[in-house]
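What follows is one structure encoded as structure tokens, with my remarks underneath.
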Amino acid sequence: SQTIHQWPATLVQPVGSPLSLECTVEGTSNPNLYWYRQAAGRGLQLLFYSVGIGQISSEVPQNLSASRPQDRQFILSSKKLLLSDSGFYLCASAINNQPQHFGDGTRLSIL
Amino acid sequence: QKEVEQNSGPLSVPEGAIASLNCTYSDRVSQSFFWYRQYSGKSPELIMSIYSNGDKEDGRFTAQLNKASQYVSLLIRDSQPSDSATYLCAVPPGAGSYQLTFGKGTKLSVIP
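Residue numbers (the numbering used here), protein chains in the order written: chain A, 22 to 132; chain B, 53 to 164.
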């Protein structure tokens, strides 16, 4: 079965600083990968998904970007963080139309 | 555009009772459904998948699917305080789509 690794678990960043969150997947190949954000007390918001290396689809226009440099690596980045970027960031992986499985998430606080 | 609706709750049940969580969806062609459990501060965890009309049981959990009425439910028998969490209903991607549509979740509290 697949395992999704995310780090760091928590992160505190000042407004205007850059961001890089990494997600790696073990135990499978060619997964579909997803980045979600969950604001406090809110539902899951899909940010990006990828069906293969270098293929990124953006769901919400904002100051975040994603990249997939390797089959099982998915990176979420920002050049300048905003206060509104605070939240719980989740990486998920799925094979074809099978259910998604989530990593443990990164809790990001912007000061 | 698929829509998945859930009562946000909170739903409070006493320990040992049956908790009933409901979800309705808008896409008539959806063929399968997933239930995730999310503890406070944690990531969602898949607990049930259901692919055909009727009931599917797994331990204390039963998923019920009614495609004609476009709803899916999750029953938790003998509810325990450890079942207190937010339960998310999700509809998987159809042909040509890779996006899993999540409901906003129902918060369940099991009172000891």
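Even glycine gets a Cβ: it sits at the ideal position worked out from N, Cα and C. Quantities reported herein were computed from a predicted structural model and do not represent experimental measurements.
Asked                                                                                                                                                                                : Found
Going by Cα to Cα distance, which pick from A:Gln59, A:Glu80 and A:Ala60 is closest to Phe69 of chain A?                                                                             : A:Glu80
Roughly how far, in whole angstroms, is the beta-carbon of Val162 of chain B from the beta-carbon of Ser125 of chain B, given that I think they are within contact range, below 8 Å? : Rounded, the Cβ-Cβ distance is 17 Å, inconsistent with contact.
If the cut is a Cβ gap below 7 Å, which residues of chain B does Ser92 of chain A touch?                                                                                             : The displayed chain sequence assigns Asp, not Ser, to residue 92 of chain A. Per Cβ cutoff of 7 Å: no residues; Asp92 of chain A is ~16 Å from chain B at best.
Would the stretch 54 to 67 of chain B count as touching the stretch 103 to 122 of chain B if we require 3 or more Cβ pairs under 8 Å?                                                : no
Comparing alpha-carbon positions, which option in A:Ser130, A:His122 and A:Leu103 lies nearest Gly37 of chain A?                                                                     : A:Leu103
How would you write the range of the beta strand (DSSP E) that Asn59 of chain B sits in, first residue to last?                                                                      : No beta strand (DSSP E) holds Asn59 of chain B; DSSP gives it neither H nor E.
Using a Cβ-Cβ distance under 7 Å, would Pro62 of chain B count as near chain A?                                                                                                      : no
State the start and end residues of the unbroken beta strand (DSSP E) segment that holds Glu8 of chain B.                                                                            : The question about residue 8 of chain B has no answer here: the residues shown for chain B are numbered 53 through 164.
Measuring alpha carbon to alpha carbon, tell me which residue in A:Ser41, A:Arg63 and A:Leu97 is nearest Ser78 of chain A.                                                           : A:Leu97
Measuring straight from C-alpha to C-alpha, what distance separates Val56 of chain B and Asp79 of chain B?                                                                           : 9 Å
What is the C-beta distance between Pro52 of chain A and Ser114 of chain A, in whole angstroms, given that I count them as a contact (C-beta under 8 Å)?                             : 4 Å
Ser60 of chain B to Ser95 of chain B, Cα distance in whole Å?                                                                                                                        : 18 Å
Determine whether the Cβ of Pro35 of chain A lies closer than 7 Å to any Cβ atom of chain B.                                                                                         : no
Scan the stretch 75 to 105 of chain B for residues whose Cβ lies nearer than 7 Å to a Cβ of chain A and list them as they occur along the chain.                                     : Phe86, Ser95, Pro96, Leu98 and Ser101
Ends of the beta strand (DSSP E) at Lys119 of chain B?                                                                                                                               : From DSSP, Lys119 of chain B is part of no beta strand (DSSP E); its letter is neither H nor E.
Tell me the DSSP bridge mates of Val46 of chain A?                                                                                                                                   : A:Ile25
DSSP three-state call for Ser136 of chain B: helix, strand or coil?                                                                                                                  : coil
Applying a beta-carbon distance threshold of less than 7 Å, which residues of chain A neighbour Leu152 of chain B?                                                                   : Gln121
Looking at Ala137 of chain B: is its Cβ nearer than 7 Å to the Cβ of Tyr103 of chain B?                                                                                              : no
Name, in chain order, the residues that DSSP records as bridge partners for Asp130 of chain B.                                                                                       : In the DSSP output, where bridge partners are listed per residue, Asp130 of chain B has none listed.
How many whole angstroms separate the CB atoms of Asp135 of chain B and Leu117 of chain B, which I take to be in contact at a CB cut-off of 8 Å?                                     : Rounded, the Cβ-Cβ distance is 21 Å, inconsistent with contact.
Spell out whether any CB of chain A is found under 7 Å from the CB atom of Lys119 of chain B.                                                                                        : no
Nearest-angstrom Cα distance between Gln58 of chain B and Lys156 of chain B?                                                                                                         : 6 Å
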